[in-house]
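In terms of our numbering, the sequence shown is residues 137 to 258.
Beta carbons are placed, not taken as given, at the ideal position from N, Cα and C, and that holds for glycine.
Down below is the structure, laid out as structure tokens.
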Amino acid sequence: MRPLAKVGLVGAGYIGAFALASAVLTVYVAATSGPDRQGYDGMFAFGDSLLFLAVFGVAAVVPSCAALFFLRPYRSFWSALSVTAVVVATTAVAAFFDYLASQGADAHSVANAWSALAVRRF
């Protein structure tokens, strides 16, 4: 299979996942339309976005697996991915130690302020 066909196949998979999530969301909105949806529109909008993301995430597993399968022969991709994984894991360990160090610090200290960002790894 040519590389352009592989890219097209993965792209079509993501477009299909998006279409499926949109269709499920449309059916859900139609099934739950009523006075509550107008009265609590903010909460329904948040729930709708969570439903869309959940359905899209599950449906996007297939094209993601296909993309990773097609990237098997590219050693440079896997090397870069493994280095990135080690860097992210290192930041998690650093954030954990910063969080532990801030537990004994004063409530208004600089360590406590940085700890709030360290948990999110900004």
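Let me make sure I understand the geometry here. Which of the options has the alpha-carbon closest to that of residue i?
{"i": "Ile140", "options": "Leu207, Val222, Val165", "result": "For clarity, residue 140 is Leu in the given sequence; the question names Ile instead. Selected option, being the one with the closest Cα: Leu207."}
{"i": "Ala231", "options": "Ala249, Val160, Ala216, Val219", "result": "Ala249"}
{"i": "Tyr164", "options": "Phe180, Ala216, Gly175, Ala202", "result": "Phe180"}
{"i": "Tyr150", "options": "Ala167, Trp214, Ala202", "result": "Ala202"}
{"i": "Gly147", "options": "Ala167, Val197, Ser169", "result": "Val197"}
{"i": "Leu145", "options": "Thr226, Leu204, Thr162, Pro171", "result": "Leu204"}
Note the first and the last residue of the continuous alpha helix (DSSP H) segment covering residue i.
{"i": "Met137", "result": "Unbroken run through Met137: none, as it is neither H nor E."}
{"i": "Tyr235", "result": "211 to 239"}
Going by DSSP in three states, residue i sits in which element: helix, strand or coil?
{"i": "Pro171", "result": "helix"}
{"i": "Ala181", "result": "helix"}
{"i": "Ser144", "result": "The identity of residue 144 in the sequence shown is Gly, whereas the question assumes Ser. Correct three-state label for Gly144: helix."}
{"i": "Pro199", "result": "helix"}
{"i": "Ser251", "result": "helix"}
{"i": "Ser158", "result": "helix"}
{"i": "Leu204", "result": "helix"}
{"i": "Tyr176", "result": "coil"}
Practice prompt. Could you tell me whether the stretch 179 to 192 touches the stretch 229 to 247, where touching means 3 or more Cβ pairs closer than 8 Å?
Written response: no
Discussion item. With a threshold of 8 Å, are at least 3 pairs of Cβ atoms found where one atom belongs to the stretch 153 to 161 and the other to the stretch 189 to 196?
Written reply: yes
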